[in-house]
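Chemist: Below you will find the structure I want to go over with you.
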Amino acid sequence: MMDDKKTVRKKIQTTDQMNKIMADYFYGLNQAATTGSQKVAWCTSVGPVELLRAMGFVVYFPENHAAMLGATRTSNEVIPTATAIGYSPDICSYLTSDIGAYLKGITPLSKAYPGIKSVPKPDVLVYNTNQCRDVQDWFAWYSRTLGVPCIGVSSPKCISDVTAAHIDDVTRQIEALIPTLVSISEQKLDLARLREVVSLSRQCTDIWKEVLETATASPAPLTFFDSAIHMGPAVVLRGTREAVAYYRLLLSEMKERIGSGIAAVDGERLRLFWEGLPVWGRLRQHSEIFAGFKANIVASSYGSSWIFPALDPDDPIRSMAKAYLELFIVRADVYKEKHLQEMLEKFRVDGIIFHDSKTCPHNANTHYGLPQRLEMKTGIPALVISGDVTDMRCISDEQTKTNIEAFIEQLEEGK
Ligand code: SF4
């Protein structure tokens, strides 16, 4: 039963510090793009950002921008503009939101960061298709529209085991990016600087992992919804000192919460796992629904997408290739099933929610029987909710709420 008294997740104090470093990051990008003080590279979320930073680029991530369009519920205003030029409403709504917003001259950055008028104009676009083909098509549009070079890695996908052959392939492809990047940045690749950036990325990733794993405590000091927000620096600032310093602070706050028995959701009664992308335009509502039932979504596969244990400053490029291939999203169901099983055990989870994101079939693990197999193997009930990362037309709030209520009842009966 939902409590009459509203239970909400607690505010994390270091959020203010995160907001500050994110603001510094966006103003820094804007300054570079408007003054030409530094070259700007656009990069996909798991593209070779370490290489770009080592070569002096400031790096912008359109996926982060698309998530902002979703979170500010701007997407449905702009998606039709991308549809009108031939981009189907059935493909990635990050892509259609971002391109639509560009065509309409809209960006949530202007409201969040006064003085910023547009997204930073790129000097180069660099993708990695380890997550999906859409990122390549997305960047190709900007390349044609802005007359900017578009280069990248065509990654193996659906891998069970990451083999030396896979790593060799991606390593060669990353190395092949270097001559183009040298000619654009007018800087040679400094191996010592690359090692330093890879080391910072590794530190960021290690501490972020520790932050997420604090939720193995009962009660958990953070929720999936917190991690969706606080992953910001890991996404856009990995490879920098700022990100490392930020996650040290966040980790210390989480440890303090554990020490004082502070729960992210008061009276935590159920512990859940979230598989798939968040519904950005419903983050707060979803957080409130679950907190209302004293259910905490303690972990997710999404939050772990920025954990790269393979990064190794002693072997920077090859270790980048390995790290980008080992990700959950790149792997076959055999791996995913085993990984999810381990996560459910580690976080002592009562139930798992699968978000079937309509326009992101690449990251919706609900189409090939995985929820059913996992449920059979673990006995842990699964619920599939239909939705989307940003396209609100794919969401029925009533249906979602009804399904969650019924699922929670089922879990409570089984306790
Ligand atoms: S993984 Fe999904 S949401 Fe992300 S860019 Fe690809 S299709 Fe879009």
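Start counting the sequence shown at 1; every next residue gets the next number (the UniProt record's numbering). Think of the CB as a built atom: it goes at the ideal place given N, C-alpha and C, for glycine as much as any other residue. Because the structure is a prediction, the values reported are computed rather than measured.
1) Pop quiz: Gly303 and Gln187 are said to be a contact at Cβ under 8 Å. What is the actual Cβ separation, rounded to whole angstroms?
2) Hey, quick one: how far does the beta strand (DSSP E) through Glu275 stretch, first residue to last?
3) Under 8 Å between the Cβ atoms of Asn128 and Thr223?
4) Helix, strand or coil for Val265? Go by DSSP, reduced to three states.
5) For Ser143 and Gly152, what's the separation of their Cα atoms in angstroms?
6) Output the boundary residues of the beta strand (DSSP E) element that contains Cys43.
7) Just to confirm my understanding: we take Arg248, look at its own chain, exclude 5 residues before and 5 after, and list those with CB closer than 7 Å. What are they?
8) Rounded C-beta distance between Thr96 and Thr83? I'm assuming under 8 Å.
9) Could you check the C-alpha separation between Phe225 and Pro278 for me, to the nearest Å?
10) So, is Gln399 buried or exposed, given that buried needs 16 or more other C-beta atoms within 10 angstroms?
11) First and last residue of the beta strand (DSSP E) that includes Cys150?
12) Taking 8 Å as the threshold (C-beta atoms), are Ile353 and Leu374 in contact?
13) Quick one, which of Thr15, Ser396, Ala321 and Cys360 has its alpha-carbon nearest Arg172's?
14) Let me check you understand the geometry: is the CB of Gln136 closer than 7 Å to at least one non-hydrogen atom of ligand 1?
15) Do Val265 and Arg9 count as a contact pair if the criterion is CB distance below 8 Å?
16) Given 7 Å as the limit, tell me if Leu95 has its C-beta closer than that to any heavy atom belonging to ligand 1.
17) Arg331 bridges to which residues according to DSSP?
18) What ranges does the alpha helix (DSSP H) occupy inside the stretch 193-280, keeping only unbroken runs of at least 4 residues that lie completely in it?
19) Relative to the alpha-carbon of Cys150, which residue among Ala165, Leu177, Val162 and Asp169 has its alpha-carbon at the smallest distance?
20) Is it a yes or a no for the stretch 258-273 touching the stretch 357-373, going by three-plus beta-carbon pairs under 8 Å?
21) Give a yes or no on contact between the stretch 28-44 and the stretch 112-125, applying the rule of three or more CB pairs nearer than 8 Å.
22) If residue 416 and Lys157 are in contact, beta carbons under 8 Å, what's the gap, nearest whole angstrom?
23) Could you tell me how far apart the beta carbons of Thr411 and Pro381 are, in whole angstroms, since I believe they sit closer than 8 Å?
24) Let me know if Leu390 comes out buried or exposed under the rule of 16 or more other beta-carbons within 10 Å of its beta-carbon.
25) Determine the extent of the beta strand (DSSP E) in which Phe407 is found, giving its start and end residues.
26) Consult DSSP for Ser37 and reduce its assignment to one of helix, strand or coil.
27) How about the stretch 61-78 and the stretch 104-111: do they share at least three Cβ pairs that are nearer than 8 Å?
28) Can you list, in chain order, the residues of its chain whose CB lies under 7 Å from that of Tyr335, leaving out five sequence neighbours each side?
29) Would Ala310 and Ser319 be called neighbours here (beta carbons separated by less than 8 Å)?
30) May I ask whether a heavy atom of ligand 1 can be found less than 7 Å away from the beta carbon of Thr389?
31) So, for Asp4: in the same chain, excluding its five sequence neighbours on each side, which residues have a beta-carbon less than 8 Å away from its beta-carbon?
32) Between Asp356 and Ile395, is the Cβ-Cβ spacing less than 8 Å?
Modeler: Working from what's here:
1) As a position in the sequence shown, residue 303 is number 303, starting the count at 1. As a position in the sequence shown, residue 187 is number 187, starting the count at 1. About 34 Å separates the two Cβ atoms, so there is no contact after all.
2) Translated into positions along the sequence shown, residue 275 becomes position 275. Taken as a continuous stretch (DSSP letters only), the beta strand (DSSP E) holding Glu275 covers Leu270 to Glu275.
3) Position 128 of the sequence shown, counted from the first residue, corresponds to residue 128. Position 223 of the sequence shown, counted from the first residue, corresponds to residue 223. The answer is no: Cβ separation not under 8 Å.
4) Against the sequence shown, residue 265 aligns to sequence position 265. It is coil, neither helix nor strand.
5) Taking the sequence shown and counting its residues from 1, one reaches residue 143 at position 143. Taking the sequence shown and counting its residues from 1, one reaches residue 152 at position 152. Approximately 12 Å, taken between the alpha carbons.
6) Working through the sequence shown from its first residue, we reach residue 43 at position 43. Its beta strand (DSSP E) spans residues Val40 to Cys43.
7) For the purposes of this step, residue 248 is identified with residue 248 of the sequence shown, where counting begins at 1. Within the same chain, and ignoring the five residues on either side of Arg248 in sequence, the residues whose Cβ sits closer than 7 Å to its Cβ are Ile207.
8) Position 96 of the sequence shown, counted from the first residue, corresponds to residue 96. Position 83 of the sequence shown, counted from the first residue, corresponds to residue 83. At roughly 7 Å, the Cβ-Cβ gap stays under 8 Å, so Thr96 and Thr83 are in contact.
9) Locating residue 225 in the sequence shown gives position 225, counting from the first residue. Locating residue 278 in the sequence shown gives position 278, counting from the first residue. Looking at the two C-alpha atoms, the distance is approximately 8 Å.
10) Start at 1 with the first residue of the sequence shown, and residue 399 comes out as number 399. So Gln399 counts as exposed.
11) Here residue 150 refers to the residue found at position 150 of the sequence shown. Cys150 to Val153 is the extent of the beta strand (DSSP E) around Cys150.
12) Within the sequence shown, numbered from 1, the residue matching residue 374 stands at position 374. Within the sequence shown, numbered from 1, the residue matching residue 353 stands at position 353. No, the Cβ-Cβ distance between Leu374 and Ile353 is not below 8 Å.
13) Here residue 172 is taken as the residue at index 172 of the sequence shown, counted from 1. Per the Cα distances, Ala321.
14) The sequence position of residue 136 within the sequence shown is 136, counting from 1. Checking every heavy atom of ligand 1 against the Cβ of Gln136, none is found closer than 7 Å.
15) Taking the first residue of the sequence shown as position 1, residue 9 is located at position 9. Taking the first residue of the sequence shown as position 1, residue 265 is located at position 265. Going by C-beta atoms, Arg9 is nearer than 8 Å to Val265.
16) As a working mapping, residue 95 is identified with position 95 in the sequence shown. It does: the Cβ of Leu95 is within 7 Å (strictly closer) of some heavy atom of ligand 1.
17) As a position in the sequence shown, residue 331 is number 331, starting the count at 1. Answer is Ile159, bridged to Arg331.
18) 224-230, 232-236 and 241-259
19) Residue 150 sits at position 150 when you count from the first residue of the sequence shown. Residue Leu177 is the option with its Cα nearest to Cys150.
20) They do not touch, by the three-pair rule.
21) yes
22) There is no way to answer for residue 416, as the model of the chain reaches only from 1 to 415.
23) In the sequence shown, residue 411 corresponds to position 411, counting from 1. In the sequence shown, residue 381 corresponds to position 381, counting from 1. It should be pointed out that residue 411 corresponds to Leu in this sequence rather than to Thr. Going by Cβ atoms, the distance from Leu411 to Pro381 rounds to 6 Å, so yes, they are a contact pair.
24) Walking along the sequence shown from the start, residue 390 turns up at place 390. Before going further, note that residue 390 is Thr rather than Leu in the sequence given. The residue is buried, with at least 16 neighbouring Cβ atoms inside 10 Å.
25) Position 407 of the sequence shown holds residue 407. Phe407 -> not in any beta strand (DSSP E); alpha helix (DSSP H) instead, spanning Asp397 to Gly414.
26) In the sequence shown, residue 37 corresponds to position 37, counting from 1. Here Ser37 sits in coil by DSSP.
27) yes
28) By one-based count along the sequence shown, residue 335 stands at place 335. Cβ within range, chain order: Ser160.
29) As a position in the sequence shown, residue 310 is number 310, starting the count at 1. As a position in the sequence shown, residue 319 is number 319, starting the count at 1. Taking 8 Å as the Cβ cut-off, Ala310 and Ser319 qualify as a contacting pair.
30) Here residue 389 refers to the residue found at position 389 when the sequence shown is read from its first residue. As written in the sequence, residue 389 is Val, which differs from the Thr given in the question. Val389: yes, Cβ under 7 Å from ligand 1.
31) If you number the sequence shown from 1, residue 4 lands on position 4. Only weak support is given to the placement of Asp4: the predicted model assigns it a pLDDT of 45, under 50, and the question is left unresolved by the model.
32) Your numbering for residue 356 matches position 356 in the sequence shown. Your numbering for residue 395 matches position 395 in the sequence shown. It is not a contact, given that the beta carbons lie outside the stated cut-off.
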